[in-house]
Structure formats: C-alpha cells, structure tokens
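The structure under discussion appears below in the form of structure tokens.
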Amino acid sequence: MEALDALLNRVSVPRLTEPAPNEAQREALFQAALRAPDHGQLRPWRFLTIEGQGRDKLGELFAEAVQHKGDASQAALDKARAMPLRAPLLIVVIAKLQDHFKVPKSEQRLAAGCAAHGILIAAHAQGIGAVWRTGDMAFDAHVHKGLGLAENEELIGYLYVGTPMAEPRTAPILNTADYVATWGE
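Numbered continuously in my numbering, the sequence shown closes out at residue 229.
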C-alpha cells in the first residue's frame, strides 16, 4: 500500500477478532511508531502488549478500578472485565515524560501520540484492524499502578488491534477549506 493511500484512507476498526498480527507485522507496527517526530531524540514513549490471558488480567484490573470508584454493580464489573476482550491484542501507549531544557513535556506527549498514530497507519497499511481507545481506564491511577507506570509516565491510550470482523468503512472525504485558512495576507 502506498503511504499516501494509508494516510488518506485509515479508519478506526472497532470490531476485531483473531488472529492478532504476527511477529513480522508487529515489528512493522513498532518500527513505524519509532519514526514519530521526536525533538531532542528523547524517545518519550514505551509500549506494553497485552494478549491471551493478559487480557483477562487487565479486565480484572479494570474491575478493581471500577470498584474503587464506588460502582460495584455486577453490570459495571462485567463491562469492565469485558473491555480488553474486544481485540486479540492491546497495545498500551505510554508517554515517558522527562525534564528537558529544550523539549517541554507537552511536546513529549504529542510525540507519544504521534507514535500511536504511526502504529495505526502501519496497521492499516498491512490490512490489520485497529482502533485507539481511551475512556476512564486510561486515566485511572489504580490502572496506572497496576500497569507499572512510573510517576513521570502517562497513559496515552489503548490500541486495540486484530483482524477486522467486517470490511472497514470508507473514510469520509472532508472539505479541507473547513479546516484550513490563510493567515497574514
């Protein structure tokens, strides 16, 4: 697939099934992530892969977080436990924020976000389905602790990755004039 085609036609694919990407495909996903813009070459990111029984373990961690928030209804717990089961592979994208005289932490967060986007583009280019999810479990301190995040780290999102259950939708064509303006003339 041509690079421009991947950029113009990538869409989120939320309904995913087995199989997960193979080792060669995963290597391409992470190599794409490592090409993200990175002022100062800080490489302000890291990734966790979660699959197999790890997804069940993450579901239990999510259920614990729901309990800590005070909503211990069975429906809420079941929903939390099922969340990681929506794809055969989850990639947790983590920003490793560093004090730097020239590169503010906000820029480092953006770099980690660009790394996540690189994974999504590389997935699309290989015919792999993927969707970026956040929600309460991306910002929960109990979940962060359970995943082993350090104090200087932030969870950017969960990338759910797998085989599309249906043909991905067609990307809408947006009018660039709605988003682009000329300044200074």
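Idealized CB from N, CA, C, for every residue including glycine.
Across the structure, W89 and K140 are spaced so that their CA atoms are roughly 5 angstroms apart.
Pairwise C-beta distances place the stretch 143-163 out of contact with the stretch 113-128, as fewer than three of them are shorter than 8 angstroms. In this chain, the alpha helix (DSSP H) harbouring L154 covers 149-169. The DSSP assignment places complete beta strand (DSSP E) segments of no fewer than 3 residues inside the stretch 71-152 at 89-95, 133-140, in order along the chain.
DSSP lists T61 as the bridge partner or partners of T207. Around A120, the same chain offers V110 as residues with beta carbons nearer than 6 angstroms, after the five sequence neighbours per side are excluded. Annotated as proximal: L60 and P208, with beta-carbon spacing under 8 angstroms.
Counting along the chain, the unbroken beta strand (DSSP E) around A174 starts and ends at 173-177.
In the displayed model, G228 falls within coil according to three-state DSSP, outside both helix and strand. When only Cα atoms are considered, G206 and Y223 end up about 32 angstroms apart.
Taken atom to atom, the span from the alpha-carbon of T93 to that of R87 is near 18 angstroms.
At the C-beta level, I135 and L203 come within 8 angstroms of one another. The beta carbons of P132 and E104 sit about 18 angstroms from each other, so the pair does not count as a contact at 8 angstroms.
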